[in-house]
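Protein chains in written order, with the numbering used here: chain A, 524 to 640; chain B, 524 to 640; chain C, 524 to 640; chain D, 524 to 640.
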């Protein structure tokens with residue numbers, strides 16, 4: 524079975540190469556792009572409550588999926604340009620988070636680790 | 524071979540469950556989290572030029588990898604809470620982009636499709 | 524009575540000139556800076572509910588004020604570099620919003636104008 | 524002479540009151556709004572270089588002014604809801620920045636203060 528993220532990465536690379544867009548894709552510009560698309564996800568949740576945000580109307584849910592897709596596309600591209608493995612980076616961060624947020628201190632609390640007693 | 528993104532998703536779910544953090548993870552809050560972490564990627568590229576952004580010092584590159592990992596973790600979690608398949612969403616968006624940015628119009632140009640002649 | 528925003532603008536300009544920082548302040552970089560600082564405001568509201576966000580602890584409120592100050596400083600600077608009058612820009616936008624959101628359609632509704640019936 | 528920012532604040536308050544929108548304007552939601560509008564400023568600078576960003580075409584410059592206006596409107600509103608004086612907050616932050624970035628260390632350098640030798 525092929526790795527799905529690796530397939531997406533290949534498809535993104537082909538898309539960019541066909542359009543000769545690598546010239547615009549500095550890490551700086553791609554970092555901006557990730558942030559811009561992330562804000563577009565947020566736009567759909569701007570005025571609802573947290574509770575309401577679980578129950579999106581189908582059309583809105585499709586738009587959110589679209590923006591989520593955009594963030595992943597730019598994130599994949601940014602990781603490639605910097606030669607960073609996306610899944611390794613997240614796995615390593617998760618390991619750090621396990622250290623910073625041990626279950627006994629963090630359970631059920633949204634406190635930032637620097638504010639732990 | 525196991526799918527690497529699926530493995531990451533399972534690890535993220537276990538991490539959240541152990542800490543009883545699902546209660547804080549409304550789609551609204553997770554959308555904010557993706558945007559906050561995306562801004563933290565950007566922070567590393569705030570003052571450099573596009574060209575300089577390719578050549579990160581090793582320590583800075585490691586920090587950027589960390590922030591990229593954070594964005595992916597929250598994106599994975601947001602997709603799960605909304606029951607959206609992350610790779611499908613990006614693949615579908617890429618297909619839309621192929622329509623909006625046909626090679627003959629888009630090649631070598633960073634123009635937004637709404638501004639095509 | 525002197526205009527308070529104009530005084531702030533002068534202070535920001537002096538601060539930048541003394542440090543010879545204008546060289547880093549392209550509109551592109553300043554736009555990133557506004558977004559980065561805006562995300563830092565958001566960070567303080569990441570996990571609370573809307574209701575809880577009204578009642579900040581004094582220390583948190585002071586930090587939020589700090590981040591709000593940062594956004595205004597960069598916004599002032601961006602407007603100056605682009606030779607845009609900040610208050611005129613907001614006043615003009617408010618006038619557009621009055622057109623897009625007439626009281627009889629918008630009253631008590633958080634619907635985006637493009638989604639009005 | 525009336526204070527221009529104070530006049531804008533009054534106009535924003537009237538705009539919100541007429542539409543009965545205060546109910547949507549929790550600090551959390553307004554913080555998101557500032558970040559969303561900040562990203563919309565950035566969108567105009569996504570693919571250009573820093574140098575190119577100084578020379579906006581008139582139509583683009585008008586759009587940027589519009590987005591800058593939006594950020595200020597939401598910032599004004601956020602400050603009001605939290606009972607923070609916007610100009611005082613920025614003035615206090617500027618004083619802190621003078622401490623963190625003394626001229627002799629910061630002159631001509633875009634280094635973050637935590638990275639000073």
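Glycine included, C-beta positions come from ideal geometry on N, C-alpha and C.
Fair warning: this is a prediction, and the values are worked out from it, not measured in the lab.
query                                                                                                                                                                                                 : result
Applying the 10 Å Cβ sphere with the 16-neighbour rule, what's the burial state of residue 551(D)?                                                                                                    : buried
Does the distance from the CB of residue 612(C) to the CB of residue 614(D) come in under 8 Å?                                                                                                        : no
Please go through the same chain and pick out, in chain order, the residues whose beta-carbon is closer than 7 Å to the beta-carbon of residue 545(C), but skip the five residues on each side of it. : 539
Below 7 Å on C-beta distance, what does residue 538(A) contact in chain D?                                                                                                                            : Here the premise fails: no neighbours, minimum Cβ distance about 16 Å.
Express the C-alpha separation of residue 528(D) and residue 599(D) in angstroms, rounding to a whole number.                                                                                         : 9 Å
Indicate the three-state DSSP secondary structure (helix, strand or coil) for residue 543(D) in the structure shown.                                                                                  : coil
State whether the region 569-579 of chain D contacts the region 547-561 of chain C, with contact taken as three or more CB pairs (one from each stretch) at a distance under 8 Å.                     : yes
Taking the alpha helix (DSSP H) that residue 579(D) falls in, what are its first and last residues?                                                                                                   : Element bounds for residue 579(D): n/a, residue is neither H nor E.
Within 10 angstroms of its Cβ, does residue 629(C) collect 16 or more other Cβ (buried), or is it exposed?                                                                                            : buried
Taking DSSP as the reference, what is the three-state secondary structure of residue 644(A)?                                                                                                          : Any question about residue 644(A) goes unanswered here, given that chain A covers just 524 to 640.
Of all the options 542(D), 559(D), 566(D) and 621(D), which has the alpha carbon lying nearest to the alpha carbon of residue 563(C)?                                                                 : 559(D)
Name the chain B residues that come within less than 7 Å of residue 568(A), Cβ to Cβ?                                                                                                                 : 550, 551 and 554
By the 10 Å Cβ neighbour count, where 16 or more other Cβ atoms means buried, how is residue 597(B) classified, buried or exposed?                                                                    : buried
Looking at chain A, which residues of the region 590-610 of chain B have a Cβ within less than 7 Å of any of its Cβ atoms?                                                                            : 591, 592, 593, 594, 595, 596, 598, 601, 602, 605, 607, 609 and 610
Counting C-beta neighbours from all protein chains within 10 Å, is the total for residue 525(B) 16 or more, i.e. buried, or is it exposed?                                                            : exposed
Helix, strand or coil, according to DSSP, for residue 603(D) in the structure here?                                                                                                                   : helix
According to DSSP, simplified to helix, strand and coil, what is residue 556(B)?                                                                                                                      : helix
Tell me whether residue 635(B) is buried or exposed, calling it buried when 16 or more other Cβ atoms sit within 10 Å of its Cβ.                                                                      : exposed
Only counting the same chain, and skipping five residues up and downstream in sequence, which positions put a Cβ closer than 7 Å to that of residue 623(C)?                                           : 636
Can you give me the C-alpha to C-alpha distance between residue 607(C) and residue 588(D), rounded to a whole angstrom?                                                                               : 7 Å
Under the assumption that residue 601(D) contacts residue 595(C) (Cβ atoms under 8 Å), give the Cβ distance between them as a whole number of angstroms.                                              : Their Cβ separation, rounded to whole angstroms, is 11 Å, which puts residue 601(D) and residue 595(C) out of contact at 8 Å.
Which residue marks the beginning of the alpha helix (DSSP H) containing residue 619(D), and which one marks its end?                                                                                 : 609-623
DSSP three-state call for residue 586(D): helix, strand or coil?                                                                                                                                      : helix
List the endpoints of the continuous alpha helix (DSSP H) containing residue 626(A).                                                                                                                  : 626-629
Could you tell me the distance, in whole angstroms, from the CA atom of residue 605(D) to the CA atom of residue 591(C)?                                                                              : 11 Å
Below 7 Å CB to CB, which residues in the same chain sit around residue 586(B) once its five sequence neighbours on both sides are set aside?                                                         : 567
Spatial neighbours of residue 570(B) within its chain, please: CB distance less than 8 Å, with the 5 preceding and 5 following residues excluded, ordered by chain position.                          : none
Roughly how many angstroms lie between the CA atoms of residue 561(B) and residue 593(B), to the nearest whole one?                                                                                   : 8 Å
Determine, using beta carbons only, whether residue 545(A) comes closer than 8 Å to chain D.                                                                                                          : no
Determine the chain A residues that contact residue 558(D) at a beta-carbon separation under 8 Å, and present them in chain order.                                                                    : 562 and 565
I'd like the list of long-range same chain contacts for residue 603(B), defined as Cβ closer than 8 Å, with 5 residues on each side in sequence excluded.                                             : 532, 535 and 536
Would you tell me roughly how many angstroms separate the C-alpha atoms of residue 619(D) and residue 625(B), rounded to the nearest one?                                                             : 50 Å
Mind checking if residue 573(A) is an interface residue toward chain C, Cβ cutoff 8 Å exclusive?                                                                                                      : yes
Determine, for residue 629(A), whether the minimum Cβ-Cβ distance to residues of chain C falls below 8 Å.                                                                                             : no
Chain C beta carbons: is any one of them nearer than 8 Å to that of residue 633(A)?                                                                                                                   : yes
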